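Protein sequences, first through last, are from chains C and E.
Counting from 1, one number per residue, gives the positions in the first sequence under this note's numbering.
Counting from 283, one number per residue, gives the positions in the second sequence under this note's numbering.
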Amino acid sequence: MSYATRRRIISRVAEALCALAVLLALLPLGMILFYVIKEGGSALNLAFFTQMPKPVGEPGGGMANAIVGTLILIGLAALFAVPIGCMCGIHLSEYPATRFSYTVRFAADVLNGVPSIVVGIFAYGLVVLPVKRFSAIAGGVALGILMLPIVVRTTEELLRLVPPGLREGALALGATRSRSVFSVILPAALPGILTGILVALARVAGETAPLLFTAFNNRYWSTNIAQPIASLTVQVFTYAISPYDDWHRQAWAGAFLLVMIILALSISARVAVRRLERMNRV
Amino acid sequence: MTTALSTTPGGLTTGRSTMTTTPTTARLGKITVRHFDFYYGEAKVLHGIDLDIPERQVTALIGPSGCGKSTFVRSINRMNDIIPEARGEGVIEIDGKNIYAGGTDVVELRRRVGMVFQKSNPFPKSIYDNVAYGLKIGGTRNKRALNDAVEKSLQRAALWEEVKDRLQESALALSGGQQQRLCIARALAVDPEILLMDEPASALDPIATTKIEELIWELKENYTIVIVTHNMQQAARVSDLTAFFMLGKVIEFGDTKKIFMNPREKMTEDYVTGRFG
């Protein structure tokens, strides 16, 4: 076999292997989506959005409280994580080479790798134990801690991508350093930072474990953030391990809705970016 | 090589020989530079610069790449302060006040000494907000004052006619030449006394370059302009005085006409006639 032929064959084989790997990687995603849509789509109806859970045996009912609960929880998470995370990211991008910054960056990466259940236990000790009550706040804190490292690192990286010429332009006009950051550099990086925040939200919206002993669950309608609150994930978990067929169907519907929420967050991240960039750039 | 533009009004001849005999306290110009050295960490990039830059004239800084002309021009508004490990030593006086003296308010200094960069750097904001930026951060809130300043600055930068109907559009939609004139307008809006230009036309096409050059010629009525340029024809066209930099030193400084027609130093002659650099 000539060298050229052999080379061509090796190249073909490598290409085929790559294609196969891509298919294998996409297969689980496709299967999950297919199964969730098949099982959950049929159980999803208007009542699911508008009604409260029914007692066992009574057919119908919905997860209105859990849907609202999840929205409140991720709202609280964003409320805690976004200001702290963004300020932290600004510090890291402004003072990238200090010992403190290296430490913070390392800490953020470690935090990113901490299992979510551990974060849940931490929030339990921090918020639940002192007041001796599960609460939406505790759940929001747990999810916020999970969001934090993502927000910090995205903010830092996107700020550092802003051309240095913009900073010089602002300084040359008599802006102070902080002024240049908040009035020019941060707005320039905003589309990307917003994406990072939405992606982080999508990630924590699907968390169950940290909510089990923070937000707990609530069978009733509640928007009081000092009280336990229902969430889609915990509700799906509770229903899925129950022995009732009707609850199983509801669990599938909940899972389907969760996937849709996460999809919606990802899509709105992209749309927001495109909008802002159009405003910013042309 | 010289053109009709390069005549020096007022017969000002600030030759180097005059300068060296001047006592350091005397003020010959708007900007007086004495024994100015500049370091990036250990590396010394400017060696004992002495210059007297006169008011309401255009002073061009020419020289081969890496000769320190950009570093020098960025020293006049202390833009180099943001570079870690960079430091200047010596004296740069503006109106007799040393800007490197302790307690100098850099923010205040930069409002008096505007700057236009090589690469146009409009903010990702509207045209209006770009021009109004300097005033807004300076505390001007009055809508009418802002409107007037924006219009006046854009007119001075010869951009008003092109953008007056789309002030709220993104500045990034403008062409390269328009963006650079916008940056000039933005610098003019805060009403500086001195305008530093670091190769303002090097990224522009010939037509846009001509516009910027005409603009510089008009602006010197009101502003003291220091322009760094790689383009010697440009220096000859727009400047009254020219300083030739080489390896971090000022080799020759004087009337532009003289620098280009009859330089004192052999090195200057070699450079301006294109024998090196």
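Note that the Cβ used here is the ideal one computed from N, Cα and C, for glycine as well.
Computed from a predicted structure; not experimentally measured.
query                                                                                                                    : result
Chain E within 7 Å of glycine 192/C, Cβ atoms only                                                                       : no
Distance between beta carbons of glutamate 451/E and isoleucine 494/E, contact taken as under 8 Å                        : So it is not a contact: roughly 22 Å between Cβ atoms.
Contacts of alanine 230/C in chain E (Cβ-Cβ under 9 Å)                                                                   : Those within 9 Å of alanine 230/C in chain E number zero; the least Cβ separation is about 42 Å.
Contacts that glutamate 156/C makes with chain E (C-beta to C-beta distance below 8 Å)                                   : In chain order: nothing, as chain E lies at least about 18 Å away.
Own chain partners of threonine 319/E with C-beta closer than 8 Å, once the 5 adjacent residues on each side are dropped : Position check: residue 319/E holds aspartate in this sequence, whereas threonine was assumed. Counting only Cβ-Cβ distances below 8 Å, and skipping sequence neighbours, we find Lys326, Leu328, His329, Gly330, Ile331, Gly370, Glu371, Gly372.
Separation of isoleucine 476/E from lysine 351/E, as counted between CA atoms                                            : 17 Å
The stretch 502-518 of chain E / the stretch 335-346 of chain E touching (three or more Cβ pairs under 8 Å)              : yes
Secondary structure of glycine 536/E, DSSP reduced to three states                                                       : strand
Option in Leu158/C, Leu17/C, Val199/C, Gln235/C with minimal Cα separation from leucine 92/C                             : Leu158/C
Min CB distance valine 273/C to chain E below 7 Å                                                                        : no
With 16 other Cβ atoms within 10 Å as the buried cut-off, status of tyrosine 553/E                                       : buried
Bridge partners - threonine 341/E, DSSP secondary structure assignment                                                   : Val508/E, Leu523/E
CA nearest to the CA of leucine 478/E, picked from Val181/C, Ala107/C, Ala172/C                                          : Ala172/C
Chain E contact for alanine 172/C (CB, 7 Å cutoff)                                                                       : yes
Arginine 167/C versus glycine 120/C - alpha carbon distance                                                              : 40 Å
Below-7 Å beta-carbon distance, glycine 196/C vs any chain E residue                                                     : no
Under the three-state DSSP convention, the category tyrosine 220/C falls into                                            : coil
Host beta strand (DSSP E) of threonine 314/E (start-end)                                                                 : 313-322
Under the three-state DSSP convention, the category methionine 397/E falls into                                          : strand
Leucine 257/C versus Leu20/C, Leu44/C, Arg177/C, residue with shortest Cα-Cα distance                                    : Leu44/C
Of the listed residues Lys418/E, Tyr382/E, Leu441/E, Lys379/E, nearest to alanine 490/E (C-alpha basis)                  : Leu441/E
Euclidean distance between Cα positions of lysine 407/E and alanine 455/E                                                : 10 Å
Simplified DSSP assignment, three categories, for proline 305/E                                                          : Residue placement at proline 305/E is poorly supported in this model, since its pLDDT is 39, which falls under 50; the coordinates are not used for a value here.
Rounded Cβ spacing between valine 398/E and proline 482/E (contact assumed at less than 8 Å)                             : 5 Å
Sequence-distant residues of its chain with Cβ nearer than 7 Å to leucine 143/C (five each side left out)                : Leu73, Ile74, Ala77, Val204, Glu207, Pro210
Beta-carbon gap between proline 53/C and leucine 111/C smaller than 7 Å                                                  : no
Distance between lysine 425/E and isoleucine 67/C (C-alpha atoms, nearest Å)                                             : 46 Å
Residue from Ile262/C, Ala21/C, Tyr220/C whose Cα sits closest to the Cα of glycine 61/C                                 : Tyr220/C
Chain C within 7 Å of asparagine 504/E, Cβ atoms only                                                                    : no
Proline 305/E burial status per 10 Å Cβ neighbour count (16 or more: buried)                                             : Residue confidence for proline 305/E is low, a pLDDT of 39 falling below 50, so the modelled location carries little weight and cannot support an answer.
Beta strand (DSSP E) segment containing methionine 479/E, residue limits                                                 : 476-480
Chain-ordered neighbours of arginine 392/E on chain C, where CB pairs are closer than 9 Å                                : Leu171, Ala172, Leu173, Gly174, Ala175
Among Met543/E, Thr314/E, Asn504/E, nearest to isoleucine 374/E - alpha-carbon criterion                                 : Thr314/E
Collapsed DSSP secondary structure at aspartate 447/E in the structure displayed                                         : coil
Span of the beta strand (DSSP E), counted from its first residue to its last, around aspartate 334/E                     : 325-335
Completely contained alpha helix (DSSP H) runs for the stretch 149-204 of chain C, where each covers 4 or more residues  : 164-172, 177-180
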